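To start, the structure itself, in structure tokens.
There are 2 protein chains.
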Amino acid sequence: MFVIVAYDVNITSEKGKTRLRKVAKECVNYGQRVQNSVFEVNLDYGKFLQMKDRLIKLIDPDKDSLRFYYLGDNWKKRVEHIGVKPGYDSEGVLIF
Amino acid sequence: MFVIVAYDVNITSEKGKTRLRKVAKECVNYGQRVQNSVFEVNLDYGKFLQMKDRLIKLIDPDKDSLRFYYLGDNWKKRVEHIGVKPGYDSEGVLIF
Numbered sequence: 001m002f003v004i005v006a007y008d009v010n011i012t013s014e015k016g017k018t019r020l021r022k023v024a025k026e027c028v029n030y031g032q033r034v035q036n037s038v039f040e041v042n043l044d045y046g047k048f049l050q051m052k053d054r055l056i057k058l059i060d061p062d063k064d065s066l067r068f069y070y071l072g073d074n075w076k077k078r079v080e081h082i083g084v085k086p087g088y089d090s091e092g093v094l095i096f
Numbered sequence: 001m002f003v004i005v006a007y008d009v010n011i012t013s014e015k016g017k018t019r020l021r022k023v024a025k026e027c028v029n030y031g032q033r034v035q036n037s038v039f040e041v042n043l044d045y046g047k048f049l050q051m052k053d054r055l056i057k058l059i060d061p062d063k064d065s066l067r068f069y070y071l072g073d074n075w076k077k078r079v080e081h082i083g084v085k086p087g088y089d090s091e092g093v094l095i096f
């Protein structure tokens, strides 16, 4: 399944900065970074649930947020990139 | 049409910081901020093209990027929010 993961971590404290690093690292393990705090992941359902579970445990739900967009099977038609460094899709093909 | 707009503006220069402010301001005019650099917009096609055209003119395509995700008619089923401040959808209804 193809999912966009966007996160917003409150970094006004040192703990926040640590959470941000951990969330970003976790996302890097599973997906492709397309913007500073936006990742695209293309995983089977089990792997996705694993990632989601880990992210939920890493954030502080009173301060941070996660937002998932499920793009479905036609995801390639749903993505448009403009400007520098178009992301590589998770199958290794450039998306324009 | 319901579209996710994610931007990444290179702010290593003062000009970059100005571009970032302008891009953010433009997005605020059209949509709902859901993360720091992620907006959701729900516009008719003409309005969307207008917004897209303005954003393309504001960024430096050699340094910045825009990424659009077209979520289609079933967008409500495609969005999941976890943590603080769930965004309001563009029809004014809380999304959980």
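Note that the protein sequences, when read in sequence, are chains S and V. Residue numbers 1 to 96, in full-length UniProt numbering, belong to the letters of the first sequence in order. Residue numbers 1 to 96, in full-length UniProt numbering, belong to the letters of the second sequence in order. C-beta atoms are modelled at their ideal positions from N, C-alpha and C, and glycine is treated no differently. Note that the coordinates shown come from a computational prediction; the quantities given were computed from them, not determined experimentally.
- Where S/Gly-31 is concerned, there is no enclosing alpha helix (DSSP H), because DSSP gives it neither an H nor an E.
- Ile-56, Ile-59, Pro-61, Asp-62, Lys-63, Asp-64, Ser-65: these are the residues of the stretch 43-65 of chain S whose beta carbon lies less than 7 Å from some beta carbon of chain V, given in chain order.
- DSSP places V/Asp-8 within a strand segment (E or B) once states are collapsed to three.
- Cβ contact annotation for S/Tyr-45 (same chain, cutoff 7 Å, sequence separation greater than five): Met-1, in chain order.
- Using a Cβ-Cβ cut-off of 8 Å, S/Asp-8 counts as an interface residue toward chain V, since at least one Cβ of chain V sits closer than that to its own.
- According to the DSSP assignment, V/Leu-66 belongs to the beta strand (DSSP E) that extends over 65-70.
- Neighbourhood of S/Leu-71 in chain V, by CB distance below 8 Å: Tyr-69, Leu-71, Arg-78, in chain order.
- Rounded to whole angstroms, S/Asn-10 and V/Lys-47 show a C-alpha spacing of 32 Å.
- Buried is the label assigned to S/Gln-35, since at least 16 other Cβ atoms lie within 10 Å of its Cβ.
- Below 8 Å, too few C-beta pairs join the stretch 48-61 of chain S and the stretch 27-42 of chain V to call them touching: fewer than three.
- Within 7 Å of the CB of S/Val-84, the CB atoms of chain V belong to Pro-61, Asp-62, Lys-63, Asp-64, Ser-65, in sequence order along the chain.
- DSSP places V/Ile-59 in no alpha helix (DSSP H); its state is neither H nor E.
- For S/Val-84, the three-state secondary structure derived from DSSP is coil.
- Taking the CA atoms as reference points, V/Asp-62 sits about 31 Å from S/Arg-19.
- Where S/Arg-78 is concerned, the enclosing alpha helix (DSSP H) starts and stops at 75-78.
- Pairing V/Lys-22 with S/Lys-15, the inter-Cα distance amounts to about 31 Å.
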